[in-house]
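If you read the sequences in order, they're chains S and W.
One gets this note's numbering by counting positions in the first sequence from 1 and adding 337 to each.
One gets this note's numbering by counting positions in the second sequence from 1 and adding 254 to each.
Backbone N, C-alpha and C fix where the C-beta goes; we use that ideal spot for every residue, glycine too.
These numbers come from a predicted model, not from an experiment.
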Amino acid sequence: MTSGENAAGMSEEDYTKEQLEFLEIFEIAARYDCLFLLDFHCFDLFDHDQTSLLSDGERAQLAAAARYDIYAEAMQKGFLPKSSPFGGVREQQRVC
Amino acid sequence: MSNNAFVEPLPFSLIENGLAGDKTEFLFRTWRDNKGIIVQDSRMTRLSPYLLMTLPSADPGDVPPLTFAGKHSTFRRFFPQAMEPEAPRPPTSFLPSVYRKGVADGYRIAMEGEPWFDIQRTGDRLGEGVPDMTLQRLLVKFRTSAGFTRIFCLMTLLEVHSRSYRSDRTRRLPNSQQKSDWHPAYQARVQPSSMHGNEPG
Numbered sequence: 338m339t340s341g342e343n344a345a346g347m348s349e350e351d352y353t354k355e356q357l358e359f360l361e362i363f364e365i366a367a368r369y370d371c372l373f374l375l376d377f378h379c380f381d382l383f384d385h386d387q388t389s390l391l392s393d394g395e396r397a398q399l400a401a402a403a404r405y406d407i408y409a410e411a412m413q414k415g416f417l418p419k420s421s422p423f424g425g426v427r428e429q430q431r432v433c
Numbered sequence: 255m256s257n258n259a260f261v262e263p264l265p266f267s268l269i270e271n272g273l274a275g276d277k278t279e280f281l282f283r284t285w286r287d288n289k290g291i292i293v294q295d296s297r298m299t300r301l302s303p304y305l306l307m308t309l310p311s312a313d314p315g316d317v318p319p320l321t322f323a324g325k326h327s328t329f330r331r332f333f334p335q336a337m338e339p340e341a342p343r344p345p346t347s348f349l350p351s352v353y354r355k356g357v358a359d360g361y362r363i364a365m366e367g368e369p370w371f372d373i374q375r376t377g378d379r380l381g382e383g384v385p386d387m388t389l390q391r392l393l394v395k396f397r398t399s400a401g402f403t404r405i406f407c408l409m410t411l412l413e414v415h416s417r418s419y420r421s422d423r424t425r426r427l428p429n430s431q432q433k434s435d436w437h438p439a440y441q442a443r444v445q446p447s448s449m450h451g452n453e454p455g
């Protein structure tokens, strides 16, 4: 497996930008044990907390809504936004 | 505890005795029973539209940065523009400084890990266009097992008063809707089902 692939052998190029945005937020929420925040934001936006039922566009909307909430303290806890779900560094994450 | 005339601490026994509403009781009991640990919980998710969440730190005399405002929260109801993506940051800047300063004490207590429960008569402190209200507020600090921390705020709108309210009581107009029975415990004893009838959403 290369650094640009996940365990399923899929590379970053196999995902859309919207999918990656959601995966990025999900990964951080899972790492910091705060998936409840995704539930809160999902419920706030869509009146349910089943992210698996969302379209890619809705997931991106959820990621945008939850981004500040999840990043804010993760970074205070020392999180450095250096890795995507695939292990690569994504330039735009440096400024989050 | 508070030096602000418009904020008055309330005893937690009101919550424990079911006089502060189901949502407040649920949040308080969850906090207490889980020892402040938050986990994924569908019941808490269903409460989330009424919640505010903040970071666990703030500048002295100010409220902490807001990270989440549920769509049925009083904040979203009266300051809907604050959560728009293009709105100036932080969202709490939409709250007048006199109000932020007055309610900051409770956050400081909550940040230290103690729950905070109060009642507020806002008067004109929330600025033009926002009515004078009686609000009940519970603050508790939750953290995840990984140490991710948030202050949860459940604000309950108990009553909207006349907009002709003046902070100087001698100038209050005779048609003011303020009543002597605005305390939540009194209301709960009188009309248990109506106490949270004004709750947003």
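Whole-number beta carbon distance between residue j and residue i, since they are thought to touch under 8 angstroms
i: residue 384 (chain W); j: residue 332 (chain W); result: 5 angstroms
i: residue 406 (chain W); j: residue 281 (chain W); result: 7 angstroms
i: residue 345 (chain W); j: residue 320 (chain W); result: 5 angstroms
i: residue 324 (chain W); j: residue 309 (chain W); result: Between residue 309 (chain W) and residue 324 (chain W) the Cβ distance is about 17 angstroms, and since that is not below 8 angstroms, they are no contact.
Close-in-space but distant-in-sequence residues of the same chain around residue i (CB under 6 angstroms, 5 per side omitted)
i: residue 432 (chain W); result: Below a pLDDT of 50, predicted positions are generally treated as unreliable, and residue 432 (chain W), at 38, falls in that range; no measurement from the model is reported.
i: residue 379 (chain S); result: 386, 388 and 399
i: residue 348 (chain W); result: 333 and 336
i: residue 315 (chain W); result: 355 and 358
i: residue 369 (chain W); result: 394
i: residue 256 (chain W); result: Residue placement at residue 256 (chain W) cannot be trusted, given a pLDDT of 45 that sits under 50; the coordinates are not used to answer.
i: residue 434 (chain W); result: In this prediction, residue 434 (chain W) scores a pLDDT of 35, lower than 50, which makes its location untrustworthy; the coordinate-derived value is nonetheless stated afterwards. Counting only Cβ-Cβ distances below 6 angstroms, and skipping sequence neighbours, we find nothing.
Span of the alpha helix (DSSP H), counted from its first residue to its last, around residue i
i: residue 330 (chain S); result: Any answer about residue 330 (chain S) is impossible in this case: the structure gives chain S only from 338 up to 433.
i: residue 278 (chain W); result: 276 to 287
i: residue 368 (chain S); result: 354 to 368
i: residue 298 (chain W); result: 296 to 301
Own chain partners of residue i with C-beta closer than 7 angstroms, once the 5 adjacent residues on each side are dropped
i: residue 368 (chain S); result: none
i: residue 376 (chain S); result: 386
i: residue 397 (chain S); result: 355, 358 and 359
i: residue 524 (chain W); result: In the structure as shown, chain W begins at 255 and stops at 455. Residue 524 (chain W) is therefore absent and cannot be evaluated.
i: residue 272 (chain W); result: 279
Proximity of residue i and residue j at Cβ, strictly below 7 angstroms
i: residue 307 (chain W); j: residue 397 (chain W); result: no
i: residue 318 (chain W); j: residue 353 (chain W); result: no
i: residue 390 (chain W); j: residue 376 (chain W); result: no
i: residue 292 (chain W); j: residue 373 (chain S); result: yes
i: residue 456 (chain W); j: residue 363 (chain W); result: Residue 456 (chain W) falls outside the range modelled here, since chain W spans only 255 to 455, and no answer is possible.
i: residue 370 (chain S); j: residue 311 (chain W); result: no
i: residue 408 (chain W); j: residue 284 (chain W); result: no
i: residue 371 (chain W); j: residue 301 (chain W); result: no
i: residue 303 (chain W); j: residue 381 (chain S); result: yes
Limits of the beta strand (DSSP E) - the one that residue i falls within
i: residue 323 (chain W); result: 320 to 323
i: residue 394 (chain W); result: 387 to 397
i: residue 349 (chain W); result: Residue 349 (chain W) -> no beta strand (DSSP E), and no H or E assigned at all.
i: residue 413 (chain W); result: 403 to 414
i: residue 371 (chain W); result: 370 to 375
i: residue 262 (chain W); result: 261 to 263
Neighbourhood of residue i by C-beta distance below 8 angstroms, restricted to the same chain and skipping five residues each side
i: residue 353 (chain S); result: 393
i: residue 259 (chain W); result: none
i: residue 366 (chain S); result: 372, 374, 375, 403 and 407
i: residue 414 (chain S); result: 369
i: residue 266 (chain W); result: 282, 369 and 371
i: residue 270 (chain W); result: 279 and 282
>> Any C-beta of chain S within less than 8 angstroms: which residues of the region 287 to 303 of chain W qualify?
In response: 292, 293, 294, 295, 296, 298, 299, 300, 302 and 303
> Which residues, taken in chain order from the region 324 to 339 of chain W, show a beta carbon closer than 7 angstroms to some beta carbon of chain S?
Replying inline: 324 and 325
>> Taking beta-carbon pairs under 7 angstroms, can you tell me which members of the region 398 to 410 of chain S lie near chain W?
In response: 405, 406, 409 and 410
> What are the residues of the region 345 to 377 of chain S that lie near chain W, defined by any Cβ-Cβ distance shorter than 7 angstroms?
Replying inline: 369, 370, 371, 372, 373, 376 and 377
>> Against chain S, which members of the region 377 to 398 of chain W pass a CB distance test of less than 7 angstroms?
In response: 398
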